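Q: Just so we're aligned, residue 1 is where the sequence shown starts under UniProt numbering, counting upward by one.
No residue lacks a Cβ here, since even glycine has one placed at the ideal position from N, Cα and C.
Being a predicted model, the structure only gives us computed values, none of them experimental.
Provided herewith is a single structure, encoded as structure tokens, for subsequent inquiry.
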Amino acid sequence: MFDSLQDRLQSAFTSLRGKGKLSPADIDATVREIRLALLEADVAVPVVRDFVASVTERANGVEVSKALNPAQQVIKIVNDELVTILGGETRRVRFAKTAPTVIMLAGLQGAGKTTLAGKLGRWLKDNGHSPMLVACDLQRPNAVQQLEVVGQQAGVTVFSPEPGNGVGNPVAVATASIAEARRTLHDVVVVDTAGRLGIDAELMKQASDIRDAVDPDEVLFVIDSMTGQDAVQTAQAFADGVDFTGVVLTKLDGDARGGAALSVRQVTGRPIMFASSGEKLTDFDVFHPDRMASRILD
Ligand code: GDP
């Protein structure tokens, strides 16, 4: 994960090793390297600009320290700034006071929503909840069946459209699922919605109709991190069109660069809540900005 970014940042710090004191020229040279590393990682330009400005300001203000040498001081600053752009604190799911908690998933086709529904279902179950997955992707052939398979693997109930559950109408399916969850005492409902290959008005409308019908506690926008800044632009369009409360990064296992992960928080103002890093149900965890920053600088 993020291997090329990791290598570039490490080489940016190399010239500082062995220095007794940081000169403005050292800081300039290092910051230039960091800037290039971030741009190559496909981090959004305004995010790079702010990041570099903060690192420069802080590096110029560092006191001579007995505890840390100049290279360590700069690495610490970069680490702190990475934690900040990744969101600072870990943002946990907000569960409703009155069950069921409704979590709606949105995103482009192929981003990994259906897979995520299974992972989230299993995670919820492992954390003492009784989740129900709801198949509201009625667009893509086999999406309902795929969710049923994923639900079975995760050992989680799946609510699918049938006569009486609003066949062909995702808003009706979503609405019916809430009543069913109450009846069957499932305390979290995870609503999988249709994705398209690109942003379109119909997709936005359908997603916002579902949102209005079920009043979700969380709307998670799922992005394929391998698509870099494109993912961030899509996220921005969704933030404007549907709004969401958090982001899930998928396919981190295939992402050498890290541009989406490092940009999405600042561009959309929404926290990254979960990360998915493989096709298995267990390749999934709560997103911790501090742990991710340490991994990048490891
Ligand atoms: P959806 O169209 O958004 O529902 O996307 P899917 O859940 O069908 O996922 C699309 C493809 O990406 C599938 O082949 C998944 O197995 C794969 N996939 C999903 N999440 C991950 C991940 O974190 N890592 C990898 N390597 N593949 C993933």
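Can you pull the DSSP bridge partners for MET273?
A: The residue labelled residue 273 in the question sits at position 273 within the sequence shown. Its beta-bridge partners do not exist; DSSP assigns none.
Q: Answer yes or no: the CB of ASP283 versus the heavy atoms of the ligand GDP, is any distance below 7 Å?
A: As a working note, residue 283 is residue 283 in the sequence shown. For the ligand GDP, at least one heavy atom lies less than 7 Å from the Cβ of ASP283.
Q: Taking VAL190 as the reference, give the member of ASP215, PHE238, ASN169 with the closest Cα.
A: What you label residue 190 is simply residue 190 of the sequence shown in a count that begins at 1. Minimum Cα distance to VAL190 is reached at ASP215.
Q: The alpha helix (DSSP H) that contains GLY228, what's its start and end?
A: Position 228 of the sequence shown, counted from the first residue, corresponds to residue 228. 228 to 241 is the span of the alpha helix (DSSP H), which, as asked, contains GLY228.
Q: Could you have a look at VAL102 and say whether DSSP puts it in helix, strand or coil?
A: Here residue 102 corresponds to residue number 102 of the sequence shown, with the count starting at 1. VAL102 falls in the strand class under three-state DSSP.
Q: Taking C-alpha atoms, which residue in ASP230, ILE296, SER277, SER276 lies nearest to VAL267?
A: Within the sequence shown, residue 267 is the residue found at index 267, counting from 1. Checking every option, the nearest Cα to that of VAL267 belongs to ASP230.
Q: Anyone know if the C-beta pair for LYS161 and ALA181 falls short of 8 Å?
A: Taking the sequence shown and counting its residues from 1, one reaches residue 161 at position 161. Taking the sequence shown and counting its residues from 1, one reaches residue 181 at position 181. According to the sequence provided, residue 161 is Pro. The question's Lys does not apply to it. No, Cβ-Cβ distance for PRO161 and ALA181 is not below 8 Å.
Q: Would you kindly report the start and end of the unbroken beta strand (DSSP E) that includes ALA135?
A: What you label residue 135 is simply residue 135 of the sequence shown in a count that begins at 1. Residues 131 to 136.
Q: Under 8 Å, with one C-beta from each stretch per pair, do the stretch 95 to 115 and the stretch 170 to 184 reach the 3-pair mark?
A: The answer is yes - the stretch 170 to 184 touches the stretch 95 to 115, with three or more Cβ pairs under 8 Å.
Q: Got a sec: is the Cβ-Cβ distance from ASP50 to anything in chain D below 8 Å?
A: In summary, chain D is missing from the structure at hand, where a single protein chain is found.
Q: Please identify the residue among GLY128, VAL167, PHE274 whose C-alpha is closest to the C-alpha of VAL156.
A: One-based indexing of the sequence shown puts residue 156 at position 156. Ranking the options by Cα distance to VAL156, first place goes to GLY128.
Q: Out of VAL78, ASN142, PHE287, VAL64, which one is the CA nearest neighbour of LYS19?
A: Position 19 of the sequence shown, counted from the start, is the residue given in the question as residue 19. Answer by Cα proximity: VAL64.
Q: Taking its Cβ as the centre, do 16 or more other Cβ atoms sit within 10 Å of ASP285, making it buried, or is it exposed?
A: Your numbering for residue 285 matches position 285 in the sequence shown. Flag for ASP285 reads exposed.
Q: Take HIS288 and list the residues in its own chain whose beta-carbon comes closer than 6 Å to its own, dropping the five residues that flank it on each side.
A: If you number the sequence shown from 1, residue 288 lands on position 288. Cβ neighbours of HIS288 beyond the five flanking positions: THR90.
Q: What is the DSSP secondary structure of ASP224, counted as helix, strand or coil?
A: Within the sequence shown, residue 224 is the residue found at index 224, counting from 1. DSSP places ASP224 in strand when its eight states are reduced to three.
Q: Smallest Cα separation from VAL78: which of GLN153, GLY246, ASP240, LEU9?
A: By one-based count along the sequence shown, residue 78 stands at place 78. Nearest option by C-alpha distance: LEU9.
Q: Could you round the C-beta distance between VAL48 and LEU39 to whole angstroms and report it? I think they count as a contact, below 8 Å.
A: Along the sequence shown, one-based indexing puts residue 48 at 48. Along the sequence shown, one-based indexing puts residue 39 at 39. Contact flag correct, Cβ pair sits at about 6 Å.
Q: Do the CB positions of ARG270 and LEU5 come within less than 8 Å of each other?
A: Your numbering for residue 270 matches position 270 in the sequence shown. Your numbering for residue 5 matches position 5 in the sequence shown. No.
Q: Please go through the same chain and pick out, in chain order, the residues whose beta-carbon is closer than 6 Å to the beta-carbon of MET292, but skip the five residues on each side of it.
A: Counted from its first residue, the sequence shown places residue 292 at position 292. Closer than 6 Å at Cβ, skipping near neighbours: LEU86.
Q: Would you kindly work out how many angstroms separate the C-alpha atoms of ASP7 and SER277, rounded to a whole number?
A: Walking along the sequence shown from the start, residue 7 turns up at place 7. Walking along the sequence shown from the start, residue 277 turns up at place 277. Cα to Cα, ASP7 sits roughly 20 Å from SER277.
Q: So, do the stretch 185 to 201 and the stretch 68 to 83 have three or more beta carbon pairs nearer to each other than 8 Å?
A: No: the two stretches stay apart, fewer than three of their Cβ pairs being nearer than 8 Å.
Q: Do you know how far the Cα of ASP298 is from the Cα of GLU148?
A: For the purposes of this step, residue 148 is taken as residue 148 along the sequence shown, with counting starting at 1. For the purposes of this step, residue 298 is taken as residue 298 along the sequence shown, with counting starting at 1. Whole-angstrom Cα-Cα distance: 39 Å.
Q: So what's VAL190 in DSSP terms, helix, strand or just coil?
A: Counting from 1 along the sequence shown, the entry for residue 190 is found at position 190. VAL190: strand per DSSP, three-state reduction.
Q: Is GLU279 near the ligand GDP, judged by its Cβ being under 7 Å from some heavy atom?
A: On the sequence shown, position 279 is the one that residue 279 refers to. Yes; taking the cut-off as 7 Å, the Cβ of GLU279 has a heavy atom of the ligand GDP nearer than that.
Q: Rounding to the nearest angstrom, what Cα-Cα distance links ALA41 and ARG17 in this structure?
A: The sequence position of residue 41 within the sequence shown is 41, counting from 1. The sequence position of residue 17 within the sequence shown is 17, counting from 1. If you take the alpha carbons of ALA41 and ARG17, they lie about 24 Å apart.
Q: Could you name the residues that DSSP lists as bridge partners for GLU218?
A: For the purposes of this step, residue 218 is taken as the residue at position 218 of the sequence shown. Note: GLU218 sits in a beta bridge opposite ILE103.
Q: Quick check: what's the CA-CA separation for LEU203 versus ALA194?
A: Position 203 of the sequence shown holds residue 203. Position 194 of the sequence shown holds residue 194. Their Cα atoms are separated by approximately 8 Å.
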